[in-house]
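Take a look at the structure set out below.
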Amino acid sequence: MTTPLIDPFARPISYLRVSVTDRCDFRCVYCMAENMTFLPKKELLTLEELDRMCSTFIRLGVEKLRITGGEPLVRKGIMTFFQGMTRHLDAGRLRELTLTTNGSQLRRYAQDLADCGVRRVNISLDTLDDKKFADITRWGRLAQVLDGIDAAQHAGLRVKINAVALKGFNEDELFTMVEWCASRDMDLTFIEVMPMGDLGNEDRLDQYWPLSDLRARLAERFTLTDLAERSGGPARYVRLNESGQKIGFITPLTHNFCESCNRVRLTCTGELYMCLGQEDMADLRAPLRASADDAVLEDAIRRAIAHKPKGHDFDYSRQKVDGQMTRHMSHTGG
Ligand code: SAM
Ligand code: SF4
């Protein structure tokens with residue numbers, strides 16, 4: 005039997021996030037520059053390579069696979085990849101196949117995803133206002149995303165909305181968003197904005213809205229009960245007693261989840277990042293392309309995991325403009 009992946013701090017690696025493309029049909033201001041240069045296609049893992057890579061991780065004990073990007077649903081032929089992963093779900097090796105999407109293509113793909121065994125989907129949506137939506141995503145249109153959400157729910161997918169908390173942008177929509185999600189039986193998670201990419205650190209800092217503050221505002225209207233539920237990642241959950249609704253908080257800048265971290269991230273070019281907040285990575289594309297023998301890839305994965313750091317160093321208070329993360333979320337995959 006294959007020995008499962010366990011890092012040097014005895015954390016089993018059971019969760020892989022995979023970015024399948026760096027491209028996107030939106031240009032969210034906190035994520036990409038408008039004139040973003042994308043990678044040449046040959047740099048990307050092919051669909052076959054993505055399948056081989058994910059299948060190897062699954063053989064090594066990964067039970068949950070989250071597909072992301074860029075926008076995963078703009079990758080040409082991506083349904084072939086999802087269909088391929090269905091065999092691991094059917095065999096019981098993979099417990100969950102899911103994705104994070106901006107929702108723009110869900111009208112087209114929601115049913116196919118459900119047919120592939122996807123049960124839940126995270127949809128990113130920061131505002132319910134048409135104009136603000138167009139401003140923050142630059143190229144996105146709210147109606148298309150709302151229609152995508154309808155399609156997802158119609159196909160039986162459980163929807164979780166992810167909203168980046170942005171000071172002076174969606175602060176005033178806190179309760180509107182909470183109530184809207186409750187009315188549609190959708191969970192809602194807020195994400196603290198991160199200093200990613202080269203988009204001008206100052207803007208990001210201006211927009212930084214600590215979730216501790218957001219939480220305090222929620223507590224003015226609702227009674228919050230902390231939930232013990234942990235995903236192994238940077239999310240914490242509360243229950244709103246009055247509505248029964250679950251609200252999540254993702255604070256990637258805090259260190260409070262490192263000890264239980266069960267995840268690694270694969271970029272669309274086959275680089276494996278062991279920690280969200282560190283630049284340390286291992287190239288898995290070279291061993292993948294070097295040999296058709298999966299043992300070579302497996303060995304490279306094991307060597308990479310042996311270097312997973314204990315915790316991360318990713319904090320505004322210690323962030324210098326020239327010391328910020330240089331990679332984009334769209335490359336690493338959120
Ligand atoms: N395109 C898909 C989407 O938007 O859901 C998947 C990829 S996107 C990079 C994944 C998540 O990262 C989204 O929820 C997005 O809001 C979030 N994100 C992007 N840039 C961010 C930043 N600088 N800080 C915090 N979250 C960010
Ligand atoms: Fe695209 Fe998602 Fe980044 Fe927005 S957050 S630009 S939708 S990848």
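Those letters in the sequence shown? Residues 5 to 338, by this note's numbering.
Here a beta-carbon is modelled for each residue, glycine too, at the ideal position from N, C-alpha and C.
Do you know offhand how far residue i's Cα is from residue j's?
i	j	result
C58	E47	18 Å
V78	R188	26 Å
T104	E246	28 Å
R97	D11	20 Å
E273	E53	The sequence given here places Thr at residue 273; Glu does not occur at that position. Whole-angstrom Cα-Cα distance: 10 Å.
E75	A114	14 Å
L146	L132	7 Å
T271	I305	14 Å
K171	M198	13 Å
K314	D134	42 Å
V182	F226	11 Å
T193	Q249	11 Å
R21	R267	7 Å
Y19	R243	25 Å
L292	D303	11 Å
N174	K80	33 Å
R27	K45	10 Å
P214	A310	33 Å
G65	F85	19 Å
I62	L228	37 Å
E206	A37	Any reading at E206 needs caution, since the residue's pLDDT is 47, under 50, leaving its predicted position unreliable; the model's value is listed next. Going from the Cα of E206 to the Cα of A37 covers about 15 Å.
In terms of residue numbering, what span does the alpha helix (DSSP H) encompassing residue i cover?
i	result
A296	Unbroken run through A296: none, as it is neither H nor E.
Y277	That residue, Y277, is in no alpha helix (DSSP H); its beta strand (DSSP E) goes E275 to Y277.
A223	L215 to R225
D119	L110 to D119
D55	L51 to R63
A310	First-last for A310: undefined, no H or E at that position.
F42	From DSSP, F42 is part of no alpha helix (DSSP H); its letter is neither H nor E.
D139	D134 to T141
Give the range of the beta strand (DSSP E) segment to which residue i is assigned.
i	result
A167	R162 to A169
E100	E100 to T105
I82	Counting along the chain, I82 falls outside any beta strand (DSSP E), though it belongs to the alpha helix (DSSP H) covering I82 to D94.
R70	K68 to T72
Y19	Y19 to S23
R269	R267 to L270
Go ahead and label residue i buried or exposed: buried means 16 or more other beta carbons lie within 10 angstroms of its beta carbon, across all protein chains shown.
i	result
K164	buried
G107	buried
F179	exposed
H281	Contrary to the premise, residue 281 reads as Gly rather than His in this sequence. Classification of G281: buried, given that the 10 Å Cβ count is 16 or more.
T41	exposed
K312	buried
F13	exposed
S128	buried
S264	exposed
T102	buried
G160	exposed
T60	buried
L218	buried
P238	buried
What residues match up with residue i in a beta bridge as DSSP calls it?
i	result
D191	K164
N126	T104 and K164
D154	Answer by DSSP bridge pairing: none, since D154 is not bridged.
Y241	L231 and G252
E196	A169
M285	Y277
Y212	L170
I10	P16
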